[in-house]
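Order-wise, the sequence lines are chains A and B. 1 is the number of the first residue of the first sequence in my numbering; add one for each residue after it. 1 is the number of the first residue of the second sequence in my numbering; add one for each residue after it. Built from N, CA and C at the ideal position, the CB exists for glycine as well.
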Amino acid sequence: MKLFEYRGKELFKKYGILVPNGKLVNSEKDFSNLRFPLVLKAQVPIGGRGKAGGIKLVDNKRQAKENLSKIIGMDIRGYKVNKVLAEEKASIKKELYLSISLDRTKRMPLIMASAEGGMDIESVPDGKIFKEWINPLIGIQPFNVRGIASKLNLSKEEVKGASKIISQIYKLFRDYDSELVEINPLIFTVDGSVMALDSKVIINDDAMFRHKDIIPEHVELTPLEKDAKEKGISFIQLDGNIGVIANGAGLTMATLDALTHFKGQGGVFLDLGGTDDPEKVKQAFELMKKAKPKVIFLNLFGGITKCDTVAKGVKAVITREGIDCPVITRIKGMNEDIAKNILKDAGLITATTLQDAAEQSSDLAKGGR
Amino acid sequence: MSIFVDEKNKILVQGATGHQGVFHISEMLNFGTNVVAGVTPGKGGQEIHGVPVFNSVSDAVGETGANTSLILVPARFAKDAVFEALNSNIKTVVVITENIPFHDAMEFVHYAKYKNAVLIGPNCPGIASPGKTKIGILPGSIFLKGNVGVASRSGTLTYEIVNSLSEKDMGQSTCVGLGGDPIIGTTFIDALEAFEKDKETKAMVLVGEIGGTAEEDAAEYITENINKPVFAFIAGRTAPPGKRMGHAGAIIARGKGTAESKIKAFEKAGVKLAQFPTDIADLVEESI
Chain A
1 MKLFEYRGKE
11 LFKKYGILVP
21 NGKLVNSEKD
31 FSNLRFPLVL
41 KAQVPIGGRG
51 KAGGIKLVDN
61 KRQAKENLSK
71 IIGMDIRGYK
81 VNKVLAEEKA
91 SIKKELYLSI
101 SLDRTKRMPL
111 IMASAEGGMD
121 IESVPDGKIF
131 KEWINPLIGI
141 QPFNVRGIAS
151 KLNLSKEEVK
161 GASKIISQIY
171 KLFRDYDSEL
181 VEINPLIFTV
191 DGSVMALDSK
201 VIINDDAMFR
211 HKDIIPEHVE
221 LTPLEKDAKE
231 KGISFIQLDG
241 NIGVIANGAG
251 LTMATLDALT
261 HFKGQGGVFL
271 DLGGTDDPEK
281 VKQAFELMKK
291 AKPKVIFLNL
301 FGGITKCDTV
311 AKGVKAVITR
321 EGIDCPVITR
331 IKGMNEDIAK
341 NILKDAGLIT
351 ATTLQDAAEQ
361 SSDLAKGGR
Chain B
1 MSIFVDEKNK
11 ILVQGATGHQ
21 GVFHISEMLN
31 FGTNVVAGVT
41 PGKGGQEIHG
51 VPVFNSVSDA
61 VGETGANTSL
71 ILVPARFAKD
81 AVFEALNSNI
91 KTVVVITENI
101 PFHDAMEFVH
111 YAKYKNAVLI
121 GPNCPGIASP
131 GKTKIGILPG
141 SIFLKGNVGV
151 ASRSGTLTYE
161 IVNSLSEKDM
171 GQSTCVGLGG
181 DPIIGTTFID
191 ALEAFEKDKE
201 TKAMVLVGEI
211 GGTAEEDAAE
221 YITENINKPV
231 FAFIAGRTAP
241 PGKRMGHAGA
251 IIARGKGTAE
261 SKIKAFEKAG
271 VKLAQFPTDI
281 ADLVEESI
């Protein structure tokens, strides 16, 4: 779960990491306790907001009011801005990059730091990024911190400040089961303090059960995706118009890929998983209908989950609730013949191979929504 | 031969008395797996399909000589269960459980290494060496004993591919589900290394997907170390960046983990790629 910048900064404060004085603002009166110049920052769960006009520097109340009304409600790459953070502008002496992420290959937390702060880290050359891996069984040790802090071209005093931040964000990363904690830029101010100007914190969804203090917002999800998440259904909205229902994430992805091969485009990824529970199948179809696909493509492989049990669930939903778009089905595996008959009986189109089904779905879906 | 597991594995099931445990103990017994014990704290003394249940792993190991554990316990108790198994010197741990916090997985993956144990998963369907054993939740009906080694990051997609191999009479030496999480114990490289050494395996099939760089790492390893033919399928060619495609590990993040990059790496390493999952069987058939 991605946290908004201001919520990430609340966590930073909890861990003794300085952030600029600021708060969320809705109207003119909210600016009264802040000292100009201020930076207004749109709160969105994606990068690139500066370029999109979501960050503005303002010198007085009039400018603040004017720009606030421009930013609130703005659409930044598909996300509507509802919250704006106003912060007192810091006097920057030096900018660094600092993050802790997950190294999937080494299976360890990876600390990365660079003296090239403020830039997109992907555009910083590898030689200018310093890395330190932390063994999860022993946790962060002083030598790890020295290993990073000593390479950043800092004065003795600055090394001290940076070291404290490195230890503290590792603690936060571990305590809050994070996938990513990124500070870019981490700055040294003219008066010598170290401060996080931005925050990017992603918390592992699977660990949310032990972080009751974090309100699950899922700002990065669409309303239908949120609904699905609450129901425990793996459901993702995409740009196309064909709704794909399959069992297993890999098979669902492969099904979407097959559509593309025949110039079709998936609009929904819906993974039924190992379920043949009729109630879950019903919920899945209801969600799918709300996404209004032009065609539904049901692709099942029956192993432990028997094809006919899922087919029965599908038939029950379709007979009871009706469906207003064509449904192409392709069933393979345990009890496939019984399943095919059930689906045919429910008025659905049954194809024999994945390729055949993908081609039929793509042809039917052509011509847009 | 086969890799990682065979008829010598004596299996205990942690989380034996739950719905999944009861069902899969029966499925494994039907496959011929040597299931010797179940473990559920507080439920010792019961029997499931004739298999005795114990309160702890150490009791089960002491009484039955189990050397392998299948983990079916809920996500929030999984770390404790894996640590308990490793601490009782279980040398093969197969973690089926999905949605385990990955900080927990990092810890038990490193502890398994420290204990010189093989850890497969988490969030995987398990492992099967047809004719010998099946440890996990893979459907027994799809397998056929033979010479193709399969390693995969997904579940149902693997069943589909294995089934299409079996339909063409190309059996499998071992099929290992590595798991769909970002942090997993056994990787493509571990499987490739073992398959290369295994006399029974004549060809290998890798089923990859978007997210991480496991396929790119495998491609590099293949170029340097593998002489047997390798075939692959990559799922997620059309997945948009930033979206987690069902598996916790299936996400293109910060420019890394695209299908394109994986396909390119495999092509460079001489791996034959299939366009559709079931095409793999045709490719393997043509070449052997």
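So is residue i in contact with chain B if we call contact Cβ pairs under 9 Å?
{"i": "N247(A)", "result": "yes"}
{"i": "P223(A)", "result": "no"}
{"i": "P142(A)", "result": "no"}
{"i": "A357(A)", "result": "no"}
{"i": "I185(A)", "result": "Note that residue 185(A) corresponds to Pro in the displayed sequence, not to Ile. Judged by the 9 Å Cβ criterion, P185(A) is not in contact with chain B."}
{"i": "E220(A)", "result": "yes"}
{"i": "R49(A)", "result": "no"}
{"i": "G274(A)", "result": "yes"}
{"i": "V266(A)", "result": "With the sequence shown as reference, residue 266(A) is identified as Gly, and Val is not the correct amino acid for it. Yes, because at least one Cβ of chain B sits closer than 9 Å to the Cβ of G266(A)."}
{"i": "P109(A)", "result": "yes"}
{"i": "D205(A)", "result": "yes"}
{"i": "G368(A)", "result": "Because G368(A) sits at a pLDDT of 47, beneath the cut-off of 50, its placement in the model cannot be relied upon, and the following sentence gives the value as read from the coordinates. No - not a single Cβ of chain B is within 9 Å of the one on G368(A)."}
Is the shortest distance between the beta-carbon of residue i and the beta-carbons of chain A less than 9 Å?
{"i": "T186(B)", "result": "no"}
{"i": "K243(B)", "result": "yes"}
{"i": "E209(B)", "result": "yes"}
{"i": "H103(B)", "result": "yes"}
{"i": "M1(B)", "result": "no"}
{"i": "A248(B)", "result": "yes"}
{"i": "A85(B)", "result": "no"}
{"i": "V109(B)", "result": "yes"}
{"i": "T213(B)", "result": "yes"}
{"i": "M106(B)", "result": "yes"}
{"i": "V16(B)", "result": "This sequence places Ala at residue 16(B); Val is not what is there. So no, A16(B) is outside the interface."}
For residue i, count the other beta carbons within 10 Å of its own beta carbon; 16 or more makes it buried, fewer makes it exposed. Which is it?
{"i": "T33(B)", "result": "buried"}
{"i": "N184(A)", "result": "buried"}
{"i": "V190(A)", "result": "exposed"}
{"i": "N241(A)", "result": "buried"}
{"i": "R320(A)", "result": "exposed"}
{"i": "R369(A)", "result": "Bear in mind that the predicted position of R369(A) carries a pLDDT of just 43, short of 50, making it unreliable; the figure below should be weighed with that in mind. Exposed is the call here."}
{"i": "I288(B)", "result": "exposed"}
{"i": "S123(A)", "result": "exposed"}
{"i": "I166(A)", "result": "buried"}
{"i": "P130(B)", "result": "buried"}
{"i": "K93(A)", "result": "exposed"}
{"i": "T176(A)", "result": "In the sequence as presented, Thr is not what sits at residue 176(A); that position holds Tyr. Flag for Y176(A) reads buried."}
{"i": "R210(A)", "result": "exposed"}
{"i": "R77(A)", "result": "exposed"}
{"i": "L238(A)", "result": "buried"}
{"i": "I305(A)", "result": "According to the sequence as given, residue 305(A) is Thr; it is not Ile. Flag for T305(A) reads buried."}
{"i": "T186(B)", "result": "buried"}
Is residue i close to chain E? Criterion is C-beta to C-beta, closer than 9 Å.
{"i": "T352(A)", "result": "This model lacks chain E altogether; the protein chains it does include are A and B."}
Does the pairing of the segment 1-17 of chain A with the segment 204-214 of chain B give three or more beta-carbon distances under 8 Å? no
Using 8 Å as the Cβ pair cut-off and three pairs as the minimum, do the segment 178-189 of chain B and the segment 243-261 of chain B touch? yes
Count the C-beta pairs between the segment 263-274 of chain B and the segment 142-155 of chain B that are closer than 8 Å, then say yes if the count reaches three, no if not. no
Taking one C-beta from the segment 342-349 of chain A and one from the segment 2-10 of chain B each time, how about it: are there three or more such pairs within less than 8 Å? no
Given 8 Å, three or more beta-carbon pairs between the segment 262-274 of chain A and the segment 268-283 of chain B: no
In chain order, what residues of the segment 127-161 of chain B put their CB closer than 8 Å to some CB of chain A? I137, L138, P139, S141, I142, S152, R153, S154, G155, T156, L157, T158, Y159, E160
Secondary structure, beta strand (DSSP E): runs of 3+ residues fully inside the segment 210-284 of chain B: 230-235
Determine contact between the segment 36-52 of chain A and the segment 81-89 of chain A, defined as no fewer than three beta-carbon pairs at a distance below 8 Å. yes
Members of the segment 121-136 of chain A that neighbour chain B once the beta carbon cut-off is set at 9 Å: I121, E122, N135, P136
Tell me the start and end of each unbroken beta strand (DSSP E) in the segment 63-124 of chain A that is at least 3 residues and wholly inside, in chain order. 84-88, 92-103, 108-114
Write down every uninterrupted run of the beta strand (DSSP E) in the segment 295-328 of chain A whose length is 3 residues or greater and which is fully enclosed by it, in chain order. 295-302
For the segment 247-261 of chain A against the segment 284-302 of chain A, do three or more pairs of beta-carbon atoms, one drawn from each stretch, fall closer than 8 Å, so that the two count as touching? yes
Can you confirm whether the segment 58-71 of chain B touches the segment 139-152 of chain A when touching is taken to mean that 3 or more C-beta pairs between the two stretches lie within less than 8 Å? no
To test your reading of the DSSP string, which unbroken alpha helix (DSSP H) runs of 4 or more residues are found completely within the segment 152-196 of chain B? 156-167
Please name the residues in the segment 267-280 of chain B whose beta-carbon is closer than 8 Å to at least one beta-carbon of chain A, in chain order. Q275, F276, P277, T278
State whether the segment 12-30 of chain B contacts the segment 288-296 of chain A, with contact taken as three or more CB pairs (one from each stretch) at a distance under 8 Å. no
Should the segment 87-104 of chain B be regarded as contacting the segment 119-136 of chain B, the criterion being three or more beta carbon pairs within less than 8 Å? yes
Along the segment 216-246 of chain B, what residues have a CB closer than 7 Å to any CB found in chain A? D217, A235, G236, R237, T238, A239, P240, K243, M245, G246
What are the start and end residues of each continuous beta strand (DSSP E) run of 3 or more residues lying completely inside the segment 194-224 of chain A, in chain order? 194-196, 200-203
Residues in the segment 166-183 of chain B with C-beta within 8 Å of chain A's C-beta atoms, listed in sequence order? G180, P182, I183
Using a Cβ cut-off of 8 Å, which residues of the segment 74-98 of chain B contact any Cβ in chain A, in chain order? A75, R76
Compile a chain-ordered list of the residues in the segment 90-119 of chain A whose CB is closer than 9 Å to at least one CB of chain B. S101, L102, R104, T105, R107, M108, P109
Could you please tell me which residues of the segment 309-337 of chain A, in chain order, have their CB closer than 9 Å to any CB of chain B? K332, G333, M334
Taking any Cβ of chain B, which residues in the segment 153-174 of chain A have a Cβ under 8 Å from it, in chain order? R174
Flag this pair as touching only if the segment 155-172 of chain B and the segment 103-110 of chain B have three or more C-beta atom pairs under 8 Å; answer yes or no. no
Selection of the segment 11-39 of chain B by Cβ proximity to chain A, strictly under 9 Å: F23, H24, E27
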